[in-house]
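Chains as they are written, first to last, in the numbering used here: chain A, 116 to 244; chain B, 116 to 244.
Shown next, in the form of structure tokens:
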């Protein structure tokens with residue numbers, strides 16, 4: 116796998132974009148008893164990193180410090196799916212308005228994403244194995 | 116990207132392990148105007164395939180034929196996230212009860228998943244870029 120990027124360079128192939136998740140994104144979130152809220156963020160990235168990885172890590176930490184934050188889960192192949200969990204719509208609204216997060220949203224539209232969709236959801240019930 | 120496997124052959128590189136999702140999983144789902152329902156399935160796999168890939172593909176096709184099905188999005192790194200969208204709780208309940216799907220759920224607990232969590236959600240609103 117280490118060889119692939121150099122071959123990609125020689126043959127002018129698209130850069131290999133697989134990026135391992137941060138440690139904080141590895142687990143299934145231990146959310147409280149429903150109801151609570153979920154924000155499903157589905158996206159298609161542009162090529163290259165261009166500051167995306169650092170900002171994603173920063174946003175992960177920043178979100179985790181927000182009041183009402185319950186957890187996050189994330190994975191990416193052709194599309195990326197990040198689901199964050201919150202106690203209330205108010206908490207989601209407050210997170211969306213955080214200035215550093217607003218900058219990330221702006222960069223997202225300018226350079227990191229081809230397209231994305233955000234869905235605000237009420238988690239009515241859940242079960243696990 | 117099409118060139119990578121043949122280059123790997125010529126240079127005797129390890130087989131390129133990237134596995135494209137099925138066509139049905141590549142896109143951001145074009146869901147109708149909210150409200151509608153989402154099922155967030157977050158999972159951690161066991162090692163090996165053991166029939167998982169074939170069953171996942173079969174379930175993708177089977178779900179797509181169900182009444183009330185609106186789309187699916189899926190990605191996996193350390194954790195897997197599959198979000199399916201539905202018109203109603205009734206449609207979700209019917210899908211869960213399909214006999215071939217019940218068998219898949221049973222195999223899932225027996226051999227494919229270390230753990231998973233299912234969240235049934237009402238999508239209250241969405242927006243996109």
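Each residue gets a CB set at the ideal place from its N, CA and C atoms; glycine is no exception.
Quick caveat, the model's predicted, so the values are computed rather than measured.
Exercise for the section: Using a cut-off of 8 Å between C-beta atoms, extract the partners of residue 195(B) located in chain A. Expected result: Position 80 of the second chain, counted from the start, is the residue given in the question as residue 195(B). Result: 190.
Problem - Near-chain B residues of the region 149-160 of chain A (beta-carbon distance less than 8 Å), N- to C-terminal order - result: 149, 153, 155, 157, 158, 159
Exercise for the section: Within its chain, find whatever has a CB closer than 7 Å to the CB of residue 149(B); leave out the 5 residues flanking it on each side and keep chain order. Expected result: Locating residue 149(B) in the second chain gives position 34, counting from the first residue. Closer than 7 Å at the Cβ level, and outside the excluded window around residue 149(B), lie 238, 239, 240, 241.
Practice task
Return the CA-CA distance between residue 161(A) and residue 193(A), expressed in angstroms with no decimal places.
Solution key: Looking up residue 161(A) in the first chain gives position 46. Looking up residue 193(A) in the first chain gives position 78. Rounded to whole angstroms, residue 161(A) to residue 193(A) spans 11 Å at the Cα level.
Practice task
Output the distance between the C-alpha atoms of residue 145(A) and residue 205(A), rounded to the nearest integer angstrom.
Solution key: Locating residue 145(A) in the first chain gives position 30, where the first residue counts as 1. Locating residue 205(A) in the first chain gives position 90, where the first residue counts as 1. Taking the straight line from one Cα to the other gives about 21 Å.
Problem - Best match in 243(A), 154(A), 197(A) for proximity to residue 228(B) [C-alpha to C-alpha] - result: Translated into positions along the second chain, residue 228(B) becomes position 113. For residue 228(B), the nearest C-alpha among the options comes from 243(A).
Exercise for the section: Note the first and the last residue of the continuous alpha helix (DSSP H) segment covering residue 171(A). Expected result: The residue you call residue 171(A) lines up with position 56 of the first chain. Counting along the chain, the alpha helix (DSSP H) containing residue 171(A) begins and ends at 167-179.
Exercise for the section: Compare the C-beta of residue 243(B) with all C-beta atoms of chain A and state if any pair is closer than 8 Å. Expected result: For this step, residue 243(B) is matched to residue 128 along the second chain. Yes - at least one Cβ of chain A is within 8 Å of the one on residue 243(B).
Practice task
Spell out whether any CB of chain C is found under 8 Å from the CB atom of residue 207(A).
Solution key: Within the model displayed, chain C is absent; protein chains A and B are what it includes.
Handout entry: Cutoff 6 Å; reference residue 158(A); Cβ partners in own chain excluding five residues on either side
Key = To locate residue 158(A), count along the first chain from 1; it is residue 43. The answer, listed in chain order, is 195, 228, 231.
Problem - Buried or exposed by the 16-neighbour rule on C-beta atoms within 10 Å, applied to residue 166(A) - result: The count along the first chain starts at 1 and reaches residue 166(A) at position 51. Residue 166(A) should be labelled exposed.
Handout entry: Rounded straight-line distance, which links the Cα of residue 153(B) to that of residue 164(A)
Key = In the first chain, residue 164(A) corresponds to position 49, counting from 1. In the second chain, residue 153(B) corresponds to position 38, counting from 1. For residue 164(A) and residue 153(B), the distance between alpha carbons rounds to 30 Å.
Practice task
For residue 209(B), collect the residues of the same chain with a Cβ closer than 8 Å to its Cβ; drop the 5 residues on either side in sequence, then sort them by chain order.
Solution key: Working through the second chain from its first residue, we reach residue 209(B) at position 94. So the qualifying residues of the chain are 181, 182, 183.
Practice task
Can you tell me which of 234(A), 216(A), 213(A), 178(A) puts its alpha carbon nearest to the alpha carbon of residue 199(B)?
Solution key: Residue 199(B) sits at position 84 when you count from the first residue of the second chain. Of 234(A), 216(A), 213(A), 178(A), the residue nearest in Cα terms is 234(A).
Practice task
Find the residues of chain B that neighbour residue 224(A), judging by a C-beta separation of less than 7 Å, and give them in chain order.
Solution key: Along the first chain, one-based indexing puts residue 224(A) at 109. Under the 7 Å cutoff, chain B gives 244.
Problem - Near the ligand FAD: residue 233(A) beta-carbon under 7 Å from a heavy atom - result: What this structure holds is no ligand at all, so the ligand FAD is not there to describe.
Handout entry: Residues of the region 211-238 of chain B with Cβ closer than 7 Å to any Cβ of chain A, in chain order
Key = 224, 228, 230, 231, 232, 233, 234, 235, 236, 237, 238
Handout entry: Straight-line Cα distance separating residue 226(A) from residue 169(A)
Key = By 1-based counting over the first chain, the position of residue 169(A) is 54. By 1-based counting over the first chain, the position of residue 226(A) is 111. Whole-angstrom Cα-Cα distance: 14 Å.
Exercise for the section: Using a Cβ-Cβ cut-off of 8 Å, state whether residue 187(A) counts as contacting chain B. Expected result: The residue given as residue 187(A) occupies position 72 in the first chain. No, because no Cβ of chain B sits closer than 8 Å to the Cβ of residue 187(A).
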